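Enquirer: In the working numbering, the protein residues as written are 177 to 534. We put the beta carbon where it would ideally sit given N, CA and C, even for glycine. Since the model is a prediction, treat every value here as computed from it, not as a measurement.
Written out as structure tokens, the structure is:
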């Protein structure tokens, strides 16, 4: 490679870069550089012209009476320069604020392009970058959650077909042995039979939680009712439900998200809330949305987001829903999921979700 080419490419074989700060020709940084330089040059040119055309003169050395004129002129140029720079660079404050508050699981938080054309282009580029990152995040989360649901179905099927069937065979064999056993041994075998039957019920319950077949067979309302029934009585928890009929139809993905959010919420209530009562409600919003609420009377909302809450937020993001977790009226925790009309079959394209956590 020739020396001339090396120097032209900046000495590293890369693209040509201008000598001014901020990068190559045509970039927003270089345009902003020239804008500021032009403003400063214009201000000093105007100041020099005014000074040259005015009756005021500057002696050498400077006379005491000329100092106020020079001071006022310098102050005016500095103030004009400060005003113009402030007006030009103010959008950067909004951009910095957006950078500090942006969340990978929250979307729709954008800065409206404003100010001069250079910064508008910068803000538009940053918004486009956020759009790409959120789209990639949503696509990756969809793949992960899809694989998770597939694995849950496989495990549930194996629990039902293999372990469930094996325990059923054990129950039948125990019954056959009990019919031929003497009285004392028969009573002992009856205790073993109850343990096996209880284990079989637990296996079936785990399989239902892993793969909500009732959701596919009977619909969302019946699935939530069955879910509330499964958790009611667990650890002394009483679960009530308020499930409205005639709600807007949702696509299968949205129904699965609602079910999983309710399931994870009730699981957190049992594990962490120390609550005696919880309510699951599914109602319609005034704008055609569907609202899921899980409210308990426990110790209050969590201080941070664990794996369960993080998973709920990711699921909400996939269908453009809004998930909020906060304090309930009268104490306890309220989980609220608002599913927009876009989650209906054939609805408009979804936007990414926004999620709030105190």
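1) Specify, as a first and last residue, the run of the beta strand (DSSP E) that residue 408 falls within.
2) Assuming residue 404 contacts residue 456 under a Cβ cut-off of 8 Å, what Cβ separation, rounded to an integer in Å, is found between them?
3) To test your reading of the DSSP string, which unbroken alpha helix (DSSP H) runs of 4 or more residues are found completely within the segment 362–422?
4) Suppose you measure from the CA of residue 445 to the CA of residue 367; what does that come to, to the nearest Å?
5) Answer yes if the segment 409–418 comes into contact with the segment 440–454, meaning at least three C-beta pairs across the two stretches below 8 Å, and no otherwise.
6) Buried or exposed: residue 337, going by 16 or more other Cβ atoms within 10 Å of its Cβ?
7) Helix, strand or coil for residue 495 per DSSP?
8) According to the neighbour-count rule (16 or more other Cβ atoms, all chains shown, within 10 Å of its Cβ), is residue 516 buried or exposed?
9) Could you check the C-alpha separation between residue 344 and residue 350 for me, to the nearest Å?
10) Going by DSSP, which residues form a beta bridge with residue 503?
11) In whole angstroms, what is the alpha-carbon distance linking residue 260 and residue 211?
12) Please state if the CB of residue 348 and the CB of residue 372 are separated by a distance shorter than 8 Å.
13) From the DSSP output, in three-state form, read off residue 455 for me.
14) Just the Cα atoms here: how many angstroms apart are residue 514 and residue 498?
15) Going by C-alpha distance, which of 482, 419, 461 and 391 is nearest residue 427?
16) Would you give the residue range spanned by the beta strand (DSSP E) that residue 287 belongs to?
17) For residue 460, which three-state DSSP category applies?
18) Quick one: what's residue 307 bridged to in DSSP?
19) Below 8 Å on the Cβ atoms is my contact criterion, and I expect residue 443 with residue 484 to pass it. Report the Cβ-Cβ distance as a whole number of Å.
Expert: The answer reads as follows:
1) No beta strand (DSSP E) holds residue 408; DSSP gives it neither H nor E.
2) Residue 404 to residue 456, Cβ: 5 Å. Contact.
3) Counting only runs that start and end inside the segment 362–422, the alpha helix (DSSP H) elements of at least 4 residues fall at 389–394 and 396–407.
4) If you take the alpha carbons of residue 445 and residue 367, they lie about 32 Å apart.
5) Inter-segment contact for the segment 440–454 and the segment 409–418 is present: three or more beta-carbon pairs are separated by less than 8 Å.
6) Exposed.
7) In this structure, residue 495 counts as coil in the three-state DSSP scheme.
8) Counting Cβ neighbours within 10 Å, residue 516 comes out buried, since at least 16 surround it.
9) A straight line joining the alpha-carbon of residue 344 with that of residue 350 spans about 10 Å.
10) Partner(s): 509.
11) Computed Cα separation, rounded: 10 Å.
12) Cβ distance not < 8 Å, so residue 372 and residue 348 don't count as in contact.
13) DSSP, read as helix, strand or coil, puts residue 455 in strand.
14) Between the alpha carbons of residue 514 and residue 498 lies a distance of about 5 Å.
15) Of the listed residues, the one whose Cα sits closest to residue 427 is 391.
16) No beta strand (DSSP E) holds residue 287; DSSP gives it neither H nor E.
17) In the structure shown, residue 460 sits in a strand (DSSP, three-state: E or B).
18) Looking at the DSSP output, residue 307 shares a beta bridge with no other residue.
19) Confirmed, Cβ separation roughly 7 Å.
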